[in-house]
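A.B. asks: Numbering (the working numbering), first residue to last: -14 to 166. Beta carbons are placed, not taken as given, at the ideal position from N, Cα and C, and that holds for glycine. One structure coming up, written as structure tokens, with questions to follow.
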Amino acid sequence: MDRELFPERVVHPRARIVTGRVSRLNPGYAREIKVGQPVLMAVLAAAGVAQMAALLVKSVLQAGTGRAGTRRRWKQLRKGPEFLVTPLRMRDGDGVLHEVEIHGHLPQSALEPADHIQVTVRRQKDGDLPPRVERIVNLTTGQLLTPRIPTVWSHLGPALVLQAILGLMLVGAVAACTLTR
-14 MDRELFPERV VHPRARIVTG RVSRLNPGYA REIKVGQPVL MAVLAAAGVA
36 QMAALLVKSV LQAGTGRAGT RRRWKQLRKG PEFLVTPLRM RDGDGVLHEV
86 EIHGHLPQSA LEPADHIQVT VRRQKDGDLP PRVERIVNLT TGQLLTPRIP
136 TVWSHLGPAL VLQAILGLML VGAVAACTLT R
């Protein structure tokens, strides 16, 4: 049969663990993580309090000779990080072709066509998308592969998160001082 005219049917696996052979790794593409506006506003507000306190201390200690650092804008923070999505097709022992998605980066030589693999998958929020791979055990090479994707917290960055924590501590300390009077 002609594969172009009659493509083989691809199914999304229903089981949590699927064992089979790598049929094809499709080219990857970028997908964006959404950042919730309430989370972003809370973090930026708390970080703003700490930044104002730091600017106040800096203006007292210095004559203002230093220049301000560049900060990412609201639009850049709201956009969210992008991560690599690589569709993977694998054929199980019964000859059924399954499609799953690998989110994040893997070493280039981690999976080769015809490798015997066992994948642990999780359904995505959008039911039309193939399940997302949580873990891959390459039974041919003996490798355990765990793709990692960026999170909202890694996107905001440790400096902004730390600044937000300091801002919350400052607001808490001021509130505690005013309540004890």
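1. Starting from Gln109, trace the alpha helix (DSSP H) both ways and give me its first and last residue.
2. Residues in its own chain within less than 8 angstroms of Val3 by CB, not counting five upstream and five downstream?
3. Could you name each continuous beta strand (DSSP E) segment of 3 residues or more that falls completely within the region 97 to 164, going from the start of the chain to the end?
4. Determine the contact status of Leu96 and Ala15, defining contact as a CB-CB distance below 8 angstroms.
5. So which of Leu41, Leu25 and Ala158 has the shortest CA-CA distance to Val146?
6. What residue does the beta strand (DSSP E) around Leu85 start on, and which one ends it?
7. Looking at the structure shown, is Gly33 part of a helix, part of a strand, or coil, going by DSSP?
8. Measuring only the C-alpha atoms, how far is Leu151 from Leu130?
C.D. replies: On the basis of the data shown:
1. Note, Gln109: premise wrong, no alpha helix (DSSP H); not H, not E.
2. Met75, Asp77, His83, Val85, Gln103, Val104 and Val106
3. 101 to 107, 117 to 123 and 128 to 130
4. no
5. Leu25
6. Rather than Leu, the amino acid found at residue 85 in this sequence is Val. Residues Leu82 to His88.
7. helix
8. 37 angstroms
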